[in-house]
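Quick note: the sequence shown uses numbering that gives the first Met the number 0, first residue 0, plus one each step. Using N, Cα and C, we set each Cβ at its ideal position, and we do this for glycine too. This report concerns only the one structure given below.
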Amino acid sequence: MKKVIFSVFCLLISCAHFSFAEDPLNTWHTRAISGPIVNGSYSDNFNAAVYGNNTFLIKDDVGQIYTSQDGITWTISVSVYPGNSSPMANVNHIIYANGMFVAPYGSTIFISSDGTNWTAHSTIHAVRITYGNNIFAGIDWSGIATSSNGTNWTERINRPTGLFAGGFAIAYGSNMFVAIMDSSTVSISSNGADWTQKTLQIEGADYKTPGDPSNGTVDYTFGDMIYGNGIFLVTAQGGLNNGVIFSSLDGIKWTKRLSANYFNAITFGKNIFTAVTDYGSIFTSADGIKWVTRNSGTTFHLNDIAYGNNTFVAVGKGPAIRQSDALVPVVHDTPIGNIDITSAGSSDRIDGQDLYLLSKSFGSALGGPKWNSSIDLDDNFL
């Protein structure tokens, strides 16, 4: 069957002329939303973004929540009465995992299955949360805690006393949790219950551990951590407006990869890492090592970014909502009729492995078109 399908593709290649749109990450569109009126003025800052349950969800700094399926048209899901703020006003981090949105702040965890109806659970303190191996893991200045359902939590490890509070970063990947909660120590666990603390090893950076008398070095405050394509990435801040991205294969040895203004968030989608900073900078990378600067079209701070439905959505001050073009190239101008690949989510499309096989065969990087007949070289659709 694959030979027949491949032969059909070869015939189409020989008859068709393809033209591809430019890199979709070079184009970012403004999606403006008027924030809620608070004390007579509009809220002008969005500070959290996430994608889950086929929905983008963003939150502003008074706790009002908006949702969108495409990143273009937005609906108010949680409104705030003028002059007030919601209990979620100070939430700066939201994840979607295990069929629910989870938002930590202080000693409260807010949970919602639809992004509209939220319940508050008083529990452990958490600033950031990750999910892996059917376990939620949260981190803050007091230590690390885990939960199987997001509501009932167990404290697992306390942050060492007397150490510089080097931010709060946590992620799951390569069958382990990796957490950084001070400037010199990383905590690692395969099951969420048993944690091992290791000394952070930083390469390629002016880094020091507390008490290091060497000159020209700084302590780093770690922030957002992500895992993708076999590598951990973490953002950090050291010195005035000195943002850094480090990469690691094992969570212990970290190498400096990129410096810029303050990095606020990093995400991973469509095999692409994307990071946002103060003053509207956006950086992307396929491997976490080599980075490309993108023009976001704004100089407002970008506070968070999410990937879903073949597009990235970044939010920040302004209110600044920036959305990339769809990460599905357009194919035009074929003598036998146009090949339309702009319809995301269809099953009759080539997936990433198919593209790899095709590009090796034809020496060109083809990009996931939608065909009249299914073409699947490895029996896996996107």
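Cutoff 6 Å; reference residue i; Cβ partners in own chain excluding five residues on either side
i       : result
Thr-122 : Ile-108 and Trp-152
Gly-268 : Tyr-306
Asp-324 : Pro-23 and Thr-26
Leu-257 : Ile-244 and Trp-290
Asn-309 : Ala-325, Leu-326, Val-327 and Ala-343
Ala-319 : Thr-297 and Phe-299
Arg-127 : His-92, Ile-138, Phe-167 and Ile-169
Ala-264 : Asp-223, Val-275, Asp-303 and Ile-304
Asn-214 : Here Asn-214 scores only 46 on pLDDT, less than 50, and its place in the model should not be relied on; the value that follows carries that caveat. Contacts found: none.
Ile-179 : Ala-168, Val-185 and Phe-221
Ser-173 : none
His-28  : Gln-322
Ala-102 : Val-90, Ile-93 and Phe-109
Phe-5   : Any answer about Phe-5 is weak, because its pLDDT of 48 lies below 50 and its placement is not dependable; what the coordinates show is given next. Closer than 6 Å at Cβ, skipping near neighbours: no residue.
Trp-117 : Phe-109 and Ser-111
Ile-201 : Trp-253
Among the options, the one whose alpha carbon lies nearest that of residue i
i       : options                               : result
Gln-63  : Ser-76, Asp-69, Ile-71 and Asn-302    : Ser-76
Ile-230 : Lys-252, Arg-293 and Phe-221          : Lys-252
Gly-422 : Thr-273, Ser-183, Tyr-278 and Ile-169 : The structure shown has nothing for residue 422, since the chain only spans 0 to 381.
Val-61  : Ala-47, Tyr-278 and Thr-74            : Ala-47
Gly-287 : Asn-260, Phe-299 and Thr-254          : Thr-254
Val-314 : Gln-200, Ile-57, Gly-98 and Asn-308   : Ile-57
Gly-317 : Asp-43, Ile-32 and His-28             : Asp-43
Thr-195 : Ala-285, Asp-249, Gly-51 and Ile-71   : Asp-249
Asn-97  : Glu-21, Asn-52, Leu-232 and Thr-74    : Asn-52
Tyr-50  : Gly-114, Ser-78, Ile-32 and Asp-59    : Gly-114
Ser-111 : Thr-129, Ala-144, Gly-149 and Ser-78  : Gly-149
Ser-79  : Gln-68, Asp-59 and Gly-70             : Per the sequence presented here, residue 79 reads as Val, with Ser not at that position. Comparing Cα-Cα distances from Val-79 to each of Gln-68, Asp-59 and Gly-70, the minimum goes to Asp-59.
Ile-71  : Met-99, Arg-30 and Phe-45             : Arg-30
Ala-285 : Gln-236, Phe-100, Leu-232 and Asp-218 : Leu-232
Sequence-distant residues of the same chain with beta carbon closer than 7 Å to residue i, five excluded per side
i       : result
Ala-119 : Pro-86, Thr-107 and Phe-109
Ser-141 : His-124, Asn-157 and Arg-158
Ile-32  : Tyr-65, Trp-73, Pro-318 and Ile-320
Thr-266 : Ile-225, Thr-273, Ile-304, Ala-305 and Tyr-306
Tyr-261 : Gln-236, Asn-240, Gly-242, Thr-276 and Asp-277
Residue(s) in a DSSP beta bridge with residue i
i       : result
Arg-30  : Paired residue(s): none; Arg-30 is not in a bridge.
Val-291 : Thr-283
His-120 : Ile-108
Lys-269 : Answer is none; Lys-269 lacks a bridge partner.
Ile-134 : Gly-131
Glu-154 : Ala-144
Met-99  : Ala-96
Asn-44  : Lys-316
Glu-202 : Thr-254
Gln-196 : Ser-186
Tyr-171 : Phe-176
Ser-323 : Trp-27
Gly-242 : Gln-236 and Ala-259
Whether residue i touches residue j by CB criterion (9 Å)
i       : j       : result
Ile-281 : Arg-321 : yes
Val-177 : Ser-247 : yes
Gly-191 : Ile-134 : yes
Gly-242 : Asp-193 : no
Lys-197 : Ser-189 : no
Ser-146 : Gly-137 : yes
Phe-55  : Val-275 : no
Asn-89  : Tyr-65  : no
Tyr-171 : Thr-234 : no
Beta carbon proximity, residue i to chain B, threshold 9 Å
i       : result
Lys-269 : The structure shown contains no chain B; it is built from a single protein chain.
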